[in-house]
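Only one structure is covered here, and it is reproduced in the block below.
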Amino acid sequence: MNSFYKRKLLTFLFFPLAAFLTSCVDTSNPVIPSSINYSSQMKVVNLVAGSGNTTFTLNGQNFGSANFGEETPTGDFATVSSGSKTLSATFANSSTKSFKFAAPTEY
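Note that the sequence shown ends on residue 1526 in the working numbering; no numbers are left out.
Set out below in structure tokens:
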């Protein structure tokens, strides 16, 4: 086949294929956000029977206190930054237990 005809054939096949592929782009999705909110929401529920009023500290800051079966903070969830956290629980008998976890991002 002559080079001229090969070029014509490729041109004839290329433009419809290009038009088809560009029409397959989905533009109805939301745009990529300009910034990402690296935060998580959490509550703590005291499920230690007989612990009395337990005080919770999250990364060195007071997170609240709760008796058995109660949650802290009351009402809405607390918004904390995502990442590695240490939750310390100080029980009524002054014993302390620490828990390490990672708070996932909500975004």
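Yeah, the Cβ is synthetic: ideal placement off N, Cα and C, and Gly gets one too.
Strand pairing of residue i, partner residues [DSSP]
i            : result
residue 1481 : 1476
residue 1498 : 1460
residue 1491 : 1463
Continuous beta strand (DSSP E) stretch holding residue i: start and end
i            : result
residue 1520 : 1515-1522
residue 1508 : 1502-1509
Cβ distance (whole Å) where residue i is taken to contact residue j below 8 Å
i            : j            : result
residue 1473 : residue 1465 : 5 Å
residue 1416 : residue 1521 : The displayed coordinates of the chain run from 1420 to 1526. Any statement about residue 1416 would go beyond what the structure contains.
residue 1515 : residue 1509 : 5 Å
residue 1496 : residue 1461 : 6 Å
Contacting residues, own chain, Cβ-Cβ under 8 Å from residue i (five flanking each side not counted)
i            : result
residue 1440 : none
residue 1489 : 1464, 1465
residue 1467 : 1473, 1487, 1508, 1510
residue 1469 : 1487
Residues near residue i in its chain [Cβ-Cβ closer than 6 Å; skip 5 each side]
i            : result
residue 1463 : 1475, 1491
residue 1518 : 1506
Opening and closing residue of the alpha helix (DSSP H) in which residue i lies
i            : result
residue 1430 : 1422-1441
Specify whether the stretch 1452-1463 and the stretch 1500-1512 touch according to this definition: at least 3 beta carbon pairs, one from each stretch, less than 8 Å apart.
yes
Decide if the stretch 1423-1435 is in contact with the stretch 1461-1479; the criterion is three or more beta carbon pairs, one per stretch, under 8 Å apart.
no
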